[in-house]
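Chains as they are written, first to last, in my numbering: chain A, 2 to 352; chain B, 2 to 352; chain C, 2 to 352; chain D, 2 to 352.
Backbone N, C-alpha and C define an ideal beta-carbon position, used for all residues, glycine too.
Number of protein chains: 4
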Amino acid sequence: MDDQKTKPEADFRSDNTGRVAPELLEALVRANSGTAFGYGADEWTARLQRRFSELFETAVAVYPVATGTAANALSLAALSPSFGAVYCAPEAHVITAEANAAGFFSGGAKLTPVAGAHGKLQCEALAATLEVAGAGQAHRSQPAVVTLTQATELGAVYTLDEVRAIAAVAKAHGLKMHMDGARFANALVRLGCSPAELTWRSGVDVLSFGVTKNGGLLGDAIVVFNPAAVTALPNQLRRAGLVWSKMRFAAAQLLAYVEDELWLRMAAAANALAQRLAAGLSRIPGVELLAPVEANELFLRLPGPVIDGLERDGIRFYRRPGNIVRLVCRFDATAAEADAVIASLRRQLGG
Amino acid sequence: MDDQKTKPEADFRSDNTGRVAPELLEALVRANSGTAFGYGADEWTARLQRRFSELFETAVAVYPVATGTAANALSLAALSPSFGAVYCAPEAHVITAEANAAGFFSGGAKLTPVAGAHGKLQCEALAATLEVAGAGQAHRSQPAVVTLTQATELGAVYTLDEVRAIAAVAKAHGLKMHMDGARFANALVRLGCSPAELTWRSGVDVLSFGVTKNGGLLGDAIVVFNPAAVTALPNQLRRAGLVWSKMRFAAAQLLAYVEDELWLRMAAAANALAQRLAAGLSRIPGVELLAPVEANELFLRLPGPVIDGLERDGIRFYRRPGNIVRLVCRFDATAAEADAVIASLRRQLGG
Amino acid sequence: MDDQKTKPEADFRSDNTGRVAPELLEALVRANSGTAFGYGADEWTARLQRRFSELFETAVAVYPVATGTAANALSLAALSPSFGAVYCAPEAHVITAEANAAGFFSGGAKLTPVAGAHGKLQCEALAATLEVAGAGQAHRSQPAVVTLTQATELGAVYTLDEVRAIAAVAKAHGLKMHMDGARFANALVRLGCSPAELTWRSGVDVLSFGVTKNGGLLGDAIVVFNPAAVTALPNQLRRAGLVWSKMRFAAAQLLAYVEDELWLRMAAAANALAQRLAAGLSRIPGVELLAPVEANELFLRLPGPVIDGLERDGIRFYRRPGNIVRLVCRFDATAAEADAVIASLRRQLGG
Amino acid sequence: MDDQKTKPEADFRSDNTGRVAPELLEALVRANSGTAFGYGADEWTARLQRRFSELFETAVAVYPVATGTAANALSLAALSPSFGAVYCAPEAHVITAEANAAGFFSGGAKLTPVAGAHGKLQCEALAATLEVAGAGQAHRSQPAVVTLTQATELGAVYTLDEVRAIAAVAKAHGLKMHMDGARFANALVRLGCSPAELTWRSGVDVLSFGVTKNGGLLGDAIVVFNPAAVTALPNQLRRAGLVWSKMRFAAAQLLAYVEDELWLRMAAAANALAQRLAAGLSRIPGVELLAPVEANELFLRLPGPVIDGLERDGIRFYRRPGNIVRLVCRFDATAAEADAVIASLRRQLGG
């Protein structure tokens, strides 16, 4: 295929360009025997509920779905009425890159950006916004949900204290808390805390549990901590064409994903590579890091010609307006790939 | 797991209880190397477009999606305005079993049953309905689409002449044609015609290309023959959370599915087993077949106690109101499974 | 204007071709003094709540809205989830003539026809339908609401016993009851019962309170008996652009409409004219009445040339497929208009 | 009623607290004779199309609707796909005060604020936003519409040059132009230009034609200059319950509204009163005007105790966070009302 070059690859375009963890494919093979009831009434899906309840140290409901966008949009639609307001950081994927999915599934809920640094929604800004949001006034979008992307779209990670403070503000105003965990494992690894601490113990009601970007195949999941907040979610999922009839194969992947801490090991690899890159870049003059490197993404500002040089050197990445370079470390990226970036920039900029 | 019993299984609950064709899993393993652009901008997905265009003998656009419900609902939503009417057989899955998905995605389009025999929509009944449907009157749902399930939910198969006659009526009134091909391969095998003949050459604009029920894993596809009929479908799919970022793995499965006629061989096996069952049952007094057995499903009416006996004999199937038994043959079901049903009924009813 | 002919008019096209009761226009003039708070926070609207609570002998919430379609669609959307099924008679305006409004506002709820005679939904047919509707199965549209049109679209009137029996079946299955009262006053007059008896005392949760067809101007209303069934209706109305800022003028009309039984007097006039017509027609051979004349509408089957003759005689009415003539009596129609129809038919058919 | 006090009223809460122009009520009485076809197929509605085409100097389609929110939301839904972005000023009513109506009717279209002064969307900011909006990328909301409120929610008026410059940017990017003309007449009077100049001649495709705030009763209108941009709007209006069956009475009001320049005279009165207020306030120390007074609204910042004093003096107005006072001049407000405000502030602040 086009992407298998003879020359060593250095691909930082996204964590969705990477491979699937072989363990997930092996799980599919193992599950591919005998027959099983459809639409989630099978033993694998039952086991998934138990396993994730163990993992999160509380009874959870897990709904495997096709994509992170589906997980986010259905979660937000279940948490917000059509006349609701959903608060997010200005850089949040749900508002910048999901083609109005949340608005569509909710029948109109309004994503409302609340500023902060490094892709975070800031707690005080949220409080100030809610103060004048007009809850109870029928003209106004009714404050309904706060959604945090963890890790953020700029590669930062909310601390537990930050999540808790935001949740406290949200709850004080009667809002629900959603976490877009597209890179949940990367955040967990960074923080060194438990899945429970980062979610329901910090006030999160529903989690979009990301798998795809971290070695997954074709699926993510919704994890519900607060079932009262998402009435009739199974019906909403079915109506959205998001319930697989051969659910055992989705459940089997999720079971394999968390088995023996596979997910955390993959995220740790990606995070470590980002640290290797950050360390290397910090020694090169003229490289400006736009956000702290806390997960598996780096954002650099570089002179245009230097960016051209990176491209000439065969480094693959996304170029954004304003001479910004985004580098995303895949779980299966190699040190050689990171070193290729450092070498190219050193050649161009010294250091 | 619960479904792997020591005693020989005879599972006719659904074709979604079955296994995945090993060839599809092998294709995943083969595709799992190197990196690839996300969201369908990869070489596998490009190859898929070419391969299916070849298969259908015309330029098509193929959109892999998570489920058949998603394929149907998005197709119908793209073909019908929110004030449109979509005509289907009363037994059609879109109206009986998809939790209002088509209405939801279209913003209200109305599924309108048109009677016929054996799960078919009847051509003359359609013509009569359209005659008085009030096209152009703003009060009325505007006739927009006809959708046919091929094979039907009762196990019958529309002949080419039937599809063409319905399409002719539809086109004469300015409607579009959709085919729910959840069991498309079973119908193809039955008719012995080409994919082109059964679709665009007979007037079909968009096809829900079923894979799951015939050895698939976690995906089906939308195949578009008439791109003018489905404006902005890629945006609608994205907005619906139905575009996988690791699309290469969905494309790879679809390529493997049609490679060396795998799909037709699997459907032929399922159909043949249904014929074996039908032949065996025809010799048993008191077994009433409710529809001709033309694909991989059988519907029987049996005395209640006989149905109880089937269950006691460990035969798995769905029991429907009115003493109706549905038997669905999986691609991987065995002759022994069919013979177990026949033996149980013979024991009970003689013959 | 075109409709003011010198020759005596005989206009039976619809009850919406008629005039506005002068009392309503006078109420507008009376309310047109001083200033008043917007969006329903005015004294007229407060008085409306009190007056209708008195009228219905229970605390109700009244929401004036622009049209009967808006009243129906918003009521049904508030009563049904998007994956819900709404049961109605096959002739119900909500399914035949409101351009998918209920499906649109509810995000997909499915209108499901249940047969009966004369535009009625039949109680036993409803029970049989609900028996196999699949409540609790996520694939199926979830049974949510029964809606009755009172008087029906064919001019019949549900008896109190019929309403109660249907409501009993609905409630036994956990469904809510809606009444489309586009011709509520005509039904009340026919039955001689109280508004309370015909609604909440018989199990109705929400009423579309029709005004337009019975001397109204540009507004109808939603009357809620069971507030728990329609959470957040005020927000939904606002989001639908259906809350007037100068609400006092809508409220003033509704107050005038029920003042001194104006509404019942108008409906009685329309019903009486329908009886005069029915009596006259019953003496003419070859006139077939398709439904009992219980409100202000008559449906006749006549030979095509006779219908042509009616038109030639300047009688205005709607002609429907199958040689059917619909005659609707306006509150302000005259005996001379009715007599013109009778005379024309007698000339043509004898009697 | 509560609002009719013996002491002189000074009510600046909103222009929707005011009266209806008596001419509109007289028009209702005149139209209330004979019968007329329903749903807009009457002579008044036909005359309305001709009259407004004359008024706007081009063939227009006019759709009377119940409210300005309905006019805005349906217009935007007709102009934008569900995956579209609609650009507006941060203060625009569509984003701050219409309870997600535009998102609801469009199935998710995203309102995107673009900054500017005094409630205006700024042309250069729009250009910069569109430059990076990602048109053509399926992840992104697709740029679809620019909507301007004229006059703005802060009482400023876009000049013709401003409208044209914004429209030029919009058209260059393939976007459509909508104008929320809730106070269209006030803007027209301010600019002294023709309705044509302020709309289609400056690039506006669809106008929400405000009536309610300027002496209207219970209705506004959508005026379409570019019919190709709003496919199937009549079906969408019907499906939204926004087509009155007794349309003649809505048309008659709109005809009266523009007859003999009534609308402009009313707007001129409101604007003049705002100027009287502005002139009076300009002589009082400590009164800070937040935006130029160009239509019928004033926004002041005042010390909290002074605002309390205004309230004690019986002046009615809306108090907003940050010690802001909004004063809106009704068409029927009197010089005495304005003078009461000036007197109160002078008493408190000197000057």
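Mind listing the chain C neighbours of residue i? Cutoff is C-beta to C-beta under 8 Å, in chain order.
{"i": "Met105 (chain B)", "result": "Checking the sequence, you will find Phe at residue 105 (chain B) rather than Met. Ser83, Phe84, Gly108 and Gly109, listed in chain order."}
{"i": "Val21 (chain D)", "result": "Leu29, Asn33, Lys247 and Phe250"}
Within its chain, find whatever has a CB closer than 8 Å to the CB of residue i; leave out the 5 residues flanking it on each side and keep chain order.
{"i": "Arg191 (chain B)", "result": "Ala152, Val158, Asn272, Glu295 and Ala296"}
{"i": "Ala230 (chain C)", "result": "Ala79, Leu80, Lys177, Asp206 and Val207"}
{"i": "Leu77 (chain A)", "result": "Val87, Val95, Ala103, Phe106, Ser107, Ala110, Val146, Thr148 and His179"}
{"i": "Asn187 (chain A)", "result": "Ala152, Val158, Asn215, Ala268, Ala271, Asn272, Ala296 and Asn297"}
{"i": "Arg14 (chain C)", "result": "Arg317, Phe318, Tyr319 and Val329"}
List the whole-angstrom C-beta distance separating residue i from residue j, where the pair is believed to meet the contact cut-off of C-beta under 8 Å.
{"i": "Leu291 (chain B)", "j": "Leu155 (chain B)", "result": "7 Å"}
{"i": "Phe185 (chain D)", "j": "Gly211 (chain D)", "result": "5 Å"}
{"i": "Leu301 (chain D)", "j": "Glu289 (chain D)", "result": "6 Å"}
{"i": "Val170 (chain D)", "j": "Pro322 (chain A)", "result": "Contact flag wrong, Cβ pair sits at about 18 Å."}
I want to verify the contact list: residues of chain D whose CB lies under 9 Å from the CB of residue i, in sequence order.
{"i": "Glu10 (chain C)", "result": "Gly35 and Thr36"}
Counting only beta-carbon atoms, is residue i nearer than 9 Å to chain E?
{"i": "Ala139 (chain A)", "result": "Note that chain E does not occur in the displayed structure, where the protein chains are A, B, C and D."}
Going along the chain, which residues of its own chain have a beta-carbon closer than 7 Å to the beta-carbon of residue i, five neighbours each way excluded?
{"i": "Ala269 (chain B)", "result": "Val190"}
{"i": "Thr97 (chain D)", "result": "none"}
{"i": "Ala32 (chain A)", "result": "Trp45, Arg249, Phe250 and Ala253"}
{"i": "Gly182 (chain A)", "result": "Gln151, Leu208, Ser209, Phe210 and Gly211"}
Applying a beta-carbon distance threshold of less than 7 Å, which residues of chain D neighbour residue i?
{"i": "Val30 (chain C)", "result": "Leu26"}
Go through its chain and collect everything with a Cβ distance to residue i's Cβ below 6 Å, but skip five positions before and after it.
{"i": "Val164 (chain D)", "result": "Ser203"}
{"i": "Ala72 (chain A)", "result": "Val66, Ser209, Asp221 and Ile223"}
{"i": "Leu234 (chain A)", "result": "Ala79"}
{"i": "Pro293 (chain A)", "result": "Ala157"}
{"i": "Lys6 (chain B)", "result": "Caution is warranted here: a pLDDT of 44 is assigned to Lys6 (chain B), below 50, making its placement in the model unreliable, and no coordinate value can be reported."}
{"i": "Val244 (chain A)", "result": "Tyr40 and Leu238"}
Tell me which residue opens and which closes the alpha helix (DSSP H) that residue i is part of.
{"i": "Ile343 (chain B)", "result": "Ala336 to Leu350"}
{"i": "Phe250 (chain A)", "result": "Met248 to Val259"}
{"i": "Gly182 (chain D)", "result": "Where Gly182 (chain D) is concerned, there is no enclosing alpha helix (DSSP H), although the beta strand (DSSP E) it sits in stretches over Lys177 to Gly182."}
{"i": "Ile308 (chain D)", "result": "Gly305 to Arg313"}
Using a cut-off of 8 Å between C-beta atoms, extract the partners of residue i located in chain B.
{"i": "Gln276 (chain D)", "result": "In chain order: nothing, as chain B lies at least about 45 Å away."}
{"i": "Gly220 (chain A)", "result": "Leu219"}
Looking at the secondary structure, which residues open and close the beta strand (DSSP E) in which residue i lies?
{"i": "Ala86 (chain D)", "result": "Gly85 to Cys89"}
{"i": "Phe38 (chain B)", "result": "Taken as a continuous stretch (DSSP letters only), Phe38 (chain B) belongs to no beta strand (DSSP E), as it is neither H nor E."}
{"i": "Asp162 (chain C)", "result": "It is not in any beta strand (DSSP E) - Asp162 (chain C) instead sits in the alpha helix (DSSP H) that spans Leu161 to Ala173."}
{"i": "Arg302 (chain D)", "result": "Glu298 to Arg302"}
{"i": "Pro228 (chain B)", "result": "It is not in any beta strand (DSSP E) - Pro228 (chain B) carries neither H nor E in the DSSP assignment."}
{"i": "Phe53 (chain C)", "result": "Per DSSP, Phe53 (chain C) belongs to no beta strand (DSSP E); it is in the alpha helix (DSSP H), Glu44 to Leu56."}
{"i": "Arg240 (chain B)", "result": "Where Arg240 (chain B) is concerned, there is no enclosing beta strand (DSSP E), although the alpha helix (DSSP H) it sits in stretches over Leu234 to Arg240."}
List, in chain order, every chain C residue whose beta-carbon is nearer than 9 Å to that of residue i.
{"i": "Gln143 (chain A)", "result": "Ala233 and Asn236"}
In chain B, what lies closer than 7 Å to residue i by C-beta?
{"i": "Gly39 (chain A)", "result": "Ser15, Asn17 and Thr18"}
Closer than 9 Å by beta-carbon distance: list the chain A residues that pair up with residue i, in chain order.
{"i": "Thr97 (chain B)", "result": "In chain order: nothing, as chain A lies at least about 13 Å away."}
{"i": "Thr68 (chain B)", "result": "Ala67, Gly242, Leu243, Val244, Trp245 and Ser246"}
List, in chain order, every chain C residue whose beta-carbon is nearer than 7 Å to that of residue i.
{"i": "Asn101 (chain B)", "result": "Ser83, Phe84, Gly109, Ala110, Lys111 and Ser142"}
Would you list, in chain order, the members of the region 299–325 of chain A that have their beta-carbon closer than 8 Å to a beta-carbon of chain D?
Of all residues in the region 299–325 of chain A, Pro322 have a Cβ within less than 8 Å of some Cβ in chain D.
*If contact means a Cβ-Cβ distance below 9 Å, which residues of the region 231–255 of chain D contact chain B?*
Within the region 231–255 of chain D, the residues whose Cβ lies closer than 9 Å to some Cβ of chain B are Thr232, Ala233, Pro235, Asn236, Gln237, Leu238, Arg239, Arg240 and Val244, listed in chain order.
If the cut-off is 7 Å on Cβ atoms, which residues from the region 118–138 of chain C count as contacting chain B, listed in chain order?
Those would be Val133, in chain order.
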